[in-house]
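Written out below as structure tokens is the structure these notes cover.
Residue numbers (my numbering), protein chains in the order written: chain V, 352 to 764; chain C, 504 to 609.
What follows is the structure, given as structure tokens:
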């Protein structure tokens, strides 16, 4: 890692006022940075938490104030200049300036790119019909909230975590829900078959329908409003609204145009620094090192955003770099708490602990006797102990692990 | 408003007025108190909001429920008075509460 010192009154400009950008500003102040900070966001809102948008917020259990990352007073108290409803259009690295969509130009000494990711869209007929929705931000969630309710029928295109969470929230609000997935099982890209089958069965028991192995050809509509999803086999799945959740694309174009190294996201080092020492990048938009797995990866999660925000704030203030964290994720659906730690790159065996039928079990992914990842359903000890074992790299006894009468304390000892 | 005193591992005190109904974690995060991150937003899923409840307040704060207990079991430097602050709801009865943070959150 290059040693770079930054002046204490450097002007920090943060592009993107999401969880990552907002947290970078907050940690800079926590770590004593006293220079000017400008936080620029293209949404009309100050930084807010996105995970509840598909869960508590969608179900009406959280209000707008509770979503906010920090209260409005934080930005004035902490002297963080918020510029909202403004997008960055270009970075001039030679002049150290950023061009903005309102016609202004802003100077920086240190730039932090936190532009996040956007929903992947399906390039198919009817995708622009009213009622074809996506879920990335608060405005999307507001539209979705209006589209689902008792008697409404919701089509969810894409059986990933967001899609399943939306289906669960839709059922909680009394809507019918059908999940349409291109692969033979839900969560195909991100989870093992045991977990996929469990979630499919659980959702079915809650009244969710599934169309698996189903390619979507078009959205069909009436007077500009979506009325159904046409599958490749010609069938039309009727709906009042459709949510497309088929992955996300990093908003890295502005960095690429400026000549920063990209590789499916902005390439950064362990300090979240890009190929330009005056420019950092954090959050969903980055391809970052995962020291525990000795590889580069793009993560989309709040813990990742916070970890990188701490890396940046440490690098800028000359604080000791934080220790690498085990990546982790969570999802709440119905009364299920799913907690995932690690990523099963190159795993060669799977150990299931507990009974999926009881909705309390964990799936461990190992390579030899090392634990790479754990997917825990309603099993916090398995998650916590698993996360610890992934981090410390201790050898794991697979027989003990599979035996749920042996405590996780003993397994991890 | 309830006055909550948050004490960082290095001894730095933060006295914050927290609105009843918020959690002790939210009171810290929303006021940028270092050492309480609350990665999961209060879902009792991460244990990044671990605090020690001052002895004088343990009865009023109460004990952890099952889920929280099982998360705490594997958190670092757990003591008798450990709680996850996302699970402590602030009320007028907790006006004056004092919590300390563990070294792992320093």
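Built from N, CA and C at the ideal position, the CB exists for glycine as well.
With a threshold of 7 Å on Cβ separation, who are the neighbours of residue i within its own chain once the five nearest residues in sequence on each side are excluded?
i	result
residue 671 of chain V	665
residue 566 of chain V	533, 582 and 583
residue 487 of chain V	469 and 470
residue 522 of chain V	528, 557, 558 and 559
residue 419 of chain V	397 and 399
residue 458 of chain V	362, 447 and 448
Excluding the 5 residues preceding and the 5 following residue i in the sequence, name in chain order all residues of the same chain whose CB lies nearer than 8 Å to its CB.
i	result
residue 754 of chain V	704
residue 701 of chain V	543, 545, 714, 715, 716 and 717
residue 547 of chain C	570, 571, 574, 587, 589 and 590
residue 472 of chain V	478, 485 and 595
Taking only beta-carbon positions, decide if residue i is within less than 8 Å of chain V.
i	result
residue 530 of chain C	no
residue 504 of chain C	no
residue 513 of chain C	no
residue 601 of chain C	no
residue 550 of chain C	yes
residue 546 of chain C	yes
Compare the C-beta of residue i with all C-beta atoms of chain C and state if any pair is closer than 8 Å.
i	result
residue 712 of chain V	no
residue 683 of chain V	yes
residue 354 of chain V	Interpretation of residue 354 of chain V is limited by its pLDDT of 49, a score under 50 that renders its predicted location unreliable; the figure taken from the coordinates is listed afterwards. No, residue 354 of chain V lies away from the interface with chain C (no Cβ there is under 8 Å from its Cβ).
residue 380 of chain V	yes
residue 752 of chain V	no
residue 517 of chain V	no
residue 653 of chain V	yes
residue 657 of chain V	yes
residue 690 of chain V	yes
residue 550 of chain V	no
residue 402 of chain V	yes
residue 492 of chain V	no
residue 397 of chain V	no
Quick one: using the 10 Å Cβ neighbour count with 16 as the cut-off for buried, is residue i buried or exposed?
i	result
residue 481 of chain V	exposed
residue 527 of chain V	buried
residue 737 of chain V	buried
residue 565 of chain C	exposed
residue 750 of chain V	exposed
residue 474 of chain V	exposed
residue 509 of chain C	buried
residue 612 of chain V	exposed
residue 618 of chain V	buried
residue 555 of chain V	exposed
residue 624 of chain V	buried
With which residues is residue i paired in a DSSP beta bridge?
i	result
residue 579 of chain V	V:571 and V:589
residue 688 of chain V	V:683
residue 334 of chain V	Any answer about residue 334 of chain V is impossible in this case: the structure gives chain V only from 352 up to 764.
residue 649 of chain V	BP columns for residue 649 of chain V are empty, so no partner.
residue 624 of chain V	V:631
residue 517 of chain C	C:509
residue 751 of chain V	Its beta-bridge partners do not exist; DSSP assigns none.
For residue i, I'd like the list of residues in its chain whose CB is within less than 6 Å of its CB, leaving aside the five on either flank, ordered along the chain.
i	result
residue 688 of chain V	729
residue 368 of chain V	390, 392 and 398
residue 382 of chain V	664, 668 and 670
residue 452 of chain V	437, 438 and 440
residue 635 of chain V	467, 468 and 651
### Task
Can you give me, in chain order, the residues of the stretch 565-599 of chain C that have a beta carbon less than 8 Å from any beta carbon in chain V?
570, 573, 574, 576, 577 and 578
#### Entry: Residues, ordered as in the chain, of the stretch 722-750 of chain V that lie near chain C by beta-carbon distance below 7 Å
731, 732, 735, 736 and 739
### Message
Under 7 Å, CB to CB, which of the residues in the stretch 532-544 of chain C have a partner in chain V?
### Response
533, 535, 537, 540, 542, 543 and 544
### Query
Taking Cβ-Cβ distances below 7 Å as the criterion, which residues of the stretch 415-449 of chain V are in contact with chain C?
421, 422, 425 and 429
#### Entry: Contact set between the stretch 362-380 of chain V and chain C, restricted to residues whose Cβ is under 7 Å from the partner
377 and 380
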